[in-house]
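K.L.:
For the sequence shown, position 2 matches number 2 in the UniProt record's numbering, and the numbering has no gaps at all.
Quick reminder that beta carbons are idealized off the backbone N, C-alpha and C, glycines included.
Before anything else, here's the structure in question.
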Amino acid sequence: MAEVDDPRIYFAAERTLLAWVRTGLTLVGMGFVVARFGLFLRIVRNAPNAAPQLGSTWIGVGLVVLGSLAIGVAAWQHARFWKNLERPQQTRLSAMKWSVAFAASVALIGLALGAYLVVSAGDDGAHPAAARPS
(Lines of atoms letter the chains of each structure in order from A and count residues from 1; the text may use other names and numbers.)
(Lines give C-alpha, C1' and ligand atoms only; values in the text may rest on other atoms or scores of the structure.)
Protein backbone atom coordinates (compact mmCIF):
# COMPACT_ATOMS: atom_id res chain seq x y z
CA MET A 1 0.00 0.00 0.00
CA ALA A 2 1.45 3.36 -0.98
CA GLU A 3 1.94 5.89 1.79
CA VAL A 4 -0.37 8.33 0.00
CA ASP A 5 -3.26 5.83 0.12
CA ASP A 6 -2.65 4.71 3.70
CA PRO A 7 -5.83 5.30 5.77
CA ARG A 8 -3.90 4.75 9.00
CA ILE A 9 -2.70 8.35 8.87
CA TYR A 10 -6.24 9.68 9.21
CA PHE A 11 -7.16 7.03 11.78
CA ALA A 12 -4.17 8.04 13.90
CA ALA A 13 -5.40 11.64 13.82
CA GLU A 14 -8.89 10.45 14.80
CA ARG A 15 -7.48 8.51 17.76
CA THR A 16 -5.55 11.59 18.82
CA LEU A 17 -8.74 13.67 18.75
CA LEU A 18 -10.54 11.04 20.82
CA ALA A 19 -7.68 10.96 23.33
CA TRP A 20 -7.91 14.74 23.76
CA VAL A 21 -11.69 14.52 24.17
CA ARG A 22 -11.19 11.91 26.91
CA THR A 23 -8.55 14.05 28.60
CA GLY A 24 -10.76 17.13 28.40
CA LEU A 25 -13.78 15.29 29.77
CA THR A 26 -11.65 14.05 32.66
CA LEU A 27 -10.59 17.62 33.44
CA VAL A 28 -14.19 18.86 33.21
CA GLY A 29 -15.40 16.10 35.54
CA MET A 30 -12.60 16.67 38.01
CA GLY A 31 -13.22 20.41 37.89
CA PHE A 32 -16.88 19.91 38.73
CA VAL A 33 -15.97 17.70 41.69
CA VAL A 34 -13.42 20.23 42.96
CA ALA A 35 -15.87 23.12 42.51
CA ARG A 36 -18.51 21.33 44.58
CA PHE A 37 -16.05 20.08 47.20
CA GLY A 38 -16.60 23.20 49.36
CA LEU A 39 -20.32 22.39 49.56
CA PHE A 40 -19.48 18.81 50.54
CA LEU A 41 -17.18 20.03 53.34
CA ARG A 42 -19.90 22.31 54.73
CA ILE A 43 -22.35 19.41 54.80
CA VAL A 44 -19.83 17.09 56.48
CA ARG A 45 -19.03 19.76 59.11
CA ASN A 46 -22.78 20.18 59.66
CA ALA A 47 -22.48 23.93 59.02
CA PRO A 48 -24.91 24.63 56.15
CA ASN A 49 -25.00 28.37 56.90
CA ALA A 50 -21.23 28.80 56.70
CA ALA A 51 -19.81 31.04 54.00
CA PRO A 52 -19.21 29.31 50.66
CA GLN A 53 -15.64 28.20 49.92
CA LEU A 54 -14.85 30.16 46.77
CA GLY A 55 -11.30 28.79 46.50
CA SER A 56 -12.47 25.33 45.52
CA THR A 57 -15.06 26.85 43.20
CA TRP A 58 -12.53 28.91 41.26
CA ILE A 59 -10.01 26.07 41.03
CA GLY A 60 -12.78 23.77 39.79
CA VAL A 61 -13.99 26.33 37.26
CA GLY A 62 -10.40 26.68 36.05
CA LEU A 63 -10.18 22.92 35.48
CA VAL A 64 -13.55 22.89 33.68
CA VAL A 65 -12.47 25.73 31.38
CA LEU A 66 -9.07 24.12 30.78
CA GLY A 67 -10.70 20.82 29.82
CA SER A 68 -13.16 22.58 27.52
CA LEU A 69 -10.39 24.52 25.84
CA ALA A 70 -8.36 21.33 25.35
CA ILE A 71 -11.32 19.72 23.57
CA GLY A 72 -11.99 22.81 21.47
CA VAL A 73 -8.36 23.18 20.39
CA ALA A 74 -8.16 19.46 19.59
CA ALA A 75 -11.25 19.76 17.37
CA TRP A 76 -9.78 22.77 15.59
CA GLN A 77 -6.43 21.01 15.08
CA HIS A 78 -8.17 17.88 13.77
CA ALA A 79 -10.15 19.88 11.19
CA ARG A 80 -6.99 21.72 10.13
CA PHE A 81 -5.06 18.44 9.84
CA TRP A 82 -7.83 16.89 7.71
CA LYS A 83 -7.77 19.83 5.31
CA ASN A 84 -3.99 19.45 4.89
CA LEU A 85 -4.14 15.74 4.03
CA GLU A 86 -3.68 14.62 0.46
CA ARG A 87 -6.98 13.84 -1.25
CA PRO A 88 -6.61 10.01 -1.18
CA GLN A 89 -5.94 10.09 2.59
CA GLN A 90 -9.03 12.12 3.43
CA THR A 91 -12.09 10.25 4.60
CA ARG A 92 -15.57 11.44 3.74
CA LEU A 93 -16.09 15.05 4.76
CA SER A 94 -19.20 14.09 6.73
CA ALA A 95 -17.16 11.74 8.96
CA MET A 96 -14.67 14.47 9.79
CA LYS A 97 -17.42 17.05 10.36
CA TRP A 98 -19.22 14.75 12.79
CA SER A 99 -16.07 14.24 14.86
CA VAL A 100 -15.32 17.94 14.99
CA ALA A 101 -18.96 18.87 15.69
CA PHE A 102 -19.12 16.37 18.54
CA ALA A 103 -15.90 17.64 20.09
CA ALA A 104 -16.96 21.27 19.68
CA SER A 105 -20.34 20.50 21.28
CA VAL A 106 -18.67 18.86 24.25
CA ALA A 107 -16.37 21.88 24.59
CA LEU A 108 -19.33 24.29 24.54
CA ILE A 109 -21.22 22.23 27.12
CA GLY A 110 -18.12 22.30 29.31
CA LEU A 111 -17.90 26.08 29.03
CA ALA A 112 -21.60 26.32 29.93
CA LEU A 113 -20.91 24.15 32.98
CA GLY A 114 -18.08 26.49 33.96
CA ALA A 115 -20.42 29.48 33.63
CA TYR A 116 -23.04 27.70 35.72
CA LEU A 117 -20.49 26.99 38.45
CA VAL A 118 -19.48 30.66 38.54
CA VAL A 119 -23.08 31.88 38.68
CA SER A 120 -24.07 29.39 41.36
CA ALA A 121 -20.89 29.86 43.41
CA GLY A 122 -22.57 31.93 46.10
CA ASP A 123 -25.89 30.09 45.92
CA ASP A 124 -24.97 26.47 46.64
CA GLY A 125 -27.17 25.84 49.62
CA ALA A 126 -25.59 28.34 52.02
CA HIS A 127 -28.97 29.73 53.06
CA PRO A 128 -31.59 26.98 52.86
CA ALA A 129 -34.25 29.11 54.58
CA ALA A 130 -34.00 31.76 51.87
CA ALA A 131 -34.63 29.19 49.17
CA ARG A 132 -37.97 28.03 50.67
CA PRO A 133 -41.08 29.98 49.71
CA SER A 134 -42.97 31.43 52.68
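Can you check whether the CB of Ala115 is closer than 8 Å to the CB of Ile71?
P.N.:
Not in contact: Ile71 and Ala115 (Cβ atoms no closer than 8 Å).
K.L.:
In the structure shown, what three-state DSSP assignment does Arg22 receive?
P.N.:
Of the three classes helix, strand and coil, the one that applies to Arg22 here is helix, per DSSP.
K.L.:
Counting only beta-carbon atoms, is Ala75 nearer than 8 Å to chain C?
P.N.:
The question asks about chain C, but that chain is absent: this structure has only one protein chain.
K.L.:
Of the choices Leu113, Ala103 and Ala12, whose alpha-carbon is the least far from that of Val64?
P.N.:
The shortest Cα separation from Val64 among Leu113, Ala103 and Ala12 belongs to Leu113.
K.L.:
Buried or exposed for Trp20, going by 16 or more other Cβ atoms inside 10 Å?
P.N.:
Buried.
K.L.:
Determine, using beta-carbon pairs with one atom in the region 29-42 and one in the region 72-87, whether at least three such pairs fall under 8 Å.
P.N.:
Contact between the region 29-42 and the region 72-87 is absent, because fewer than three Cβ pairs lie under 8 Å.
K.L.:
What residue does the alpha helix (DSSP H) around Ser120 start on, and which one ends it?
P.N.:
Looking at the DSSP string, Ser120 is not in any alpha helix (DSSP H), and its letter there is neither H nor E.
K.L.:
What residue range does the alpha helix (DSSP H) around Asn84 cover?
P.N.:
Leu54 to Asn84 is the extent of the alpha helix (DSSP H) around Asn84.
K.L.:
Can you grab the Cα-Cα spacing for the pair Leu17 / Gly110, in whole Å?
P.N.:
So the two alpha carbons sit approximately 17 Å from each other.
K.L.:
Could you have a look at Arg45 and say whether DSSP puts it in helix, strand or coil?
P.N.:
If DSSP states are grouped into helix, strand and coil, Arg45 belongs with coil.
K.L.:
Quick one: using the 10 Å Cβ neighbour count with 16 as the cut-off for buried, is Thr57 buried or exposed?
P.N.:
Buried is the call here.
K.L.:
Buried or exposed: which applies to Gly24, given that a residue is buried once 16 or more other Cβ atoms fall within 10 Å of its Cβ?
P.N.:
Buried is the call here.
K.L.:
Assign Leu117 to buried or exposed, taking buried as 16 or more other Cβ atoms, counted over all protein chains shown, within 10 Å of its Cβ.
P.N.:
Burial call: buried.
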